[in-house]
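Chains as they are written, first to last, in the numbering used here: chain A, 7 to 273; chain B, 15 to 258.
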């Protein structure tokens, strides 16, 4: 027990940061899933590599308070190319996403090879490290969660009709979608630092899907979303400790148990 | 008569193809207008311009005397779009009750609960309110959509091909119900390409096939088109093309 408490004390900032990140991602996830765009966060995590490399080359010692907004801004600009390509070339969103992802990754690879400096933060973003999270990371996660929650409360119905592609006269979706994308970029940058770019997008799929399936109404859905996400992070930490496996992987394994239960219950 | 919608010199093209050409249209209070025309004739596009979803290259649209760009009182307008499969999307978490109340949440307007209860009863949705929309049949979703459009007691309601997929009797009942709402003062604009459906309750007809070929009262249209009675086919030339 003492060992486990020691482990918790060691990862407390990472755990708390991850908890608030998962709540933010959870609130955003239904809209991505209803829009049939489940891989958008995954695309953002891949696009993020290029801004991280650019920042690490230009500003090698940038503080986290500046690094995050800069990475978010650059990721947002790059992700806007998805919509630009979609409109200009009249192609599907997944095709446009694939083009932007691969181009970003190619440029990131060039920069990684040509750039002579080694930045340890890049590795932490690639694979995530719960031990590297600090009080500062927790504070940023908390602020992002509060902002996401306020955004959700104010625009939950507009976000829903936008995700479902329904039209209501007088409701401007373009601006709302842009703000939503900004929130996604913010969450992805934040989540990637703790969980790594490879697994962060899982937080937009598992709990959101289960909540959408089992919630009896839209009004009750946030309750299901927040509860499922709230249980996943400590659940993942326990599995991680018991099986001695990486925290991000164990959390996803824990979340997949919800799906398993759902399948067993026949929903 | 009070003008609900004024459309002047509307022109709209997509990729160089003209969809709407010099369209002028006036919808007055109390009208029950059917906009008819062939598939691809621009009916839905015209409606989308009227409701501000599409911006025409030239021309102007006024709603309740106000230019569309500055119009804000959207709760005065009910809209039933062309039916989409997404209403049946299995993940859709909305219940029928939430779906009906959606415009009041979006426009931040209070619902008249007595009126709403009456509408729910008329359209036979009382037993379905707590059900998820995804679990409803095609016809039930259509009824819920109409109740949603009427829930805020709008002054005008636009319906885009609302009877597609319904059998003849259901279509007839549906139009009779609309006629009753029209008698009570509701202005109704219905888009359809099923001209044989033209119901007696409809007061005006507009024939659109890129340009507006005819806009006038229903009886006159029936005479000109050789539409002697409900359920027969009109003269195609009046609709601006030779083959339907």
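Even for Gly, the Cβ is constructed at its ideal location relative to N, Cα and C.
These numbers come from a predicted model, not from an experiment.
- For the C-beta of residue 105 of chain B, the chain A residues within less than 9 angstroms are, from N- to C-terminus, 36, 39, 40, 215, 218 and 219.
- Residue state for residue 48 of chain B is assigned as strand, using DSSP reduced to three classes.
- Collapsing the DSSP output to three states places residue 230 of chain B in a strand.
- By the neighbour-count criterion, in which 16 or more other beta carbons inside 10 Å mark a residue as buried, residue 155 of chain B falls on the buried side.
- Judged by DSSP secondary structure, residue 138 of chain A falls outside any alpha helix (DSSP H); it is assigned neither H nor E.
- In the DSSP annotation of this structure, residue 37 of chain B is not part of any alpha helix (DSSP H); the continuous beta strand (DSSP E) holding it starts and ends at 31–42.
- The region 92–102 of chain A makes no contact with the region 155–166 of chain A: fewer than 3 CB pairs, one atom from each, lie closer than 8 angstroms.
- Residue 242 of chain A sits buried, since 16 or more C-beta atoms from the chains shown fall within 10 Å of its C-beta.
- Looking at the DSSP output, residue 22 of chain B shares a beta bridge with B:74.
- Boundaries of the beta strand (DSSP E) harbouring residue 201 of chain B: 201–206, taken from the DSSP string.
- Taking C-beta atoms under 8 angstroms as the contact rule, residue 168 of chain B and residue 90 of chain B qualify, at a distance of about 5 angstroms.
- Sorting A:111, A:272 and A:240 by C-alpha distance to the C-alpha of residue 29 of chain A places A:240 at the top.
- For residue 251 of chain A, no chain B residue has a C-beta closer than 8 angstroms to its own C-beta; the minimum C-beta separation is roughly 31 angstroms.
- Taking 7 angstroms as the CB threshold, residue 78 of chain B stays off the interface with chain A.
- Taking 7 angstroms as the cut-off between beta carbons, the residues of the region 114–144 of chain B near chain A are 116, 117, 119 and 120, in sequence order.
- At a cut-off of 7 angstroms between beta carbons, residue 65 of chain B contacts chain A.
- One Cα belongs to residue 105 of chain B, the other to residue 115 of chain B, and the distance between them is close to 19 angstroms.
- Setting aside the 5 residues that flank it on each side, residue 134 of chain B is surrounded in the same chain by 114, 140, 143 and 161, each with a C-beta closer than 8 angstroms to its C-beta; the list follows chain order.
- In the three-state DSSP reduction, residue 177 of chain B falls in the coil class, being neither helix nor strand.
- Any Cβ of chain B closer than 7 angstroms to the Cβ of residue 175 of chain A would place that residue at the interface, and such an atom is present.
- C-alpha of residue 111 of chain B to C-alpha of residue 80 of chain A: approximately 42 angstroms in a straight line.
- Inter-segment contact for the region 136–147 of chain A and the region 191–202 of chain A is present: three or more beta-carbon pairs are separated by less than 8 angstroms.
- The C-alpha of residue 55 of chain A is placed about 10 angstroms away from the C-alpha of residue 129 of chain A.
- Under the DSSP assignment, residue 33 of chain A falls in the alpha helix (DSSP H) whose first and last residues are 8–40.
- Contact of residue 58 of chain B with chain A is not assigned, every C-beta pair being separated by 7 angstroms or more.
- For residue 108 of chain B, the residues of chain A that pass the 8 angstroms Cβ criterion are 166, 223 and 224, in the order they occur in the chain.
- For the 7 angstroms CB-CB criterion, residue 65 of chain B and residue 175 of chain A form a contact.
- At least one beta carbon of chain B lies nearer than 7 angstroms to the beta carbon of residue 227 of chain A.
- Membership of residue 220 of chain B in the beta strand (DSSP E) is indicated by the continuous run 218–223.
- Residues of the region 218–239 of chain B with a Cβ closer than 7 angstroms to any Cβ of chain A: none.
- Apart from the 5 residues on each side of it in sequence, residue 57 of chain A sits with its Cβ closer than 6 angstroms to the Cβ of 77, 80 and 81 in its chain, given in chain order.
- Counting along the chain, no beta strand (DSSP E) covers residue 171 of chain A, and no H or E run does either.
- Comparing alpha-carbon positions, the option among A:115, A:72, A:218 and A:13 lying closest to residue 40 of chain A turns out to be A:218.
- Within 8 angstroms of the CB of residue 163 of chain A, the CB atoms of chain B belong to 116, 119 and 120, in sequence order along the chain.
- In the structure shown, residue 91 of chain B adopts extended strand secondary structure according to DSSP, grouped into three states.
- Our two residues, residue 33 of chain B and residue 87 of chain B, have alpha carbons roughly 28 angstroms apart in a direct line.
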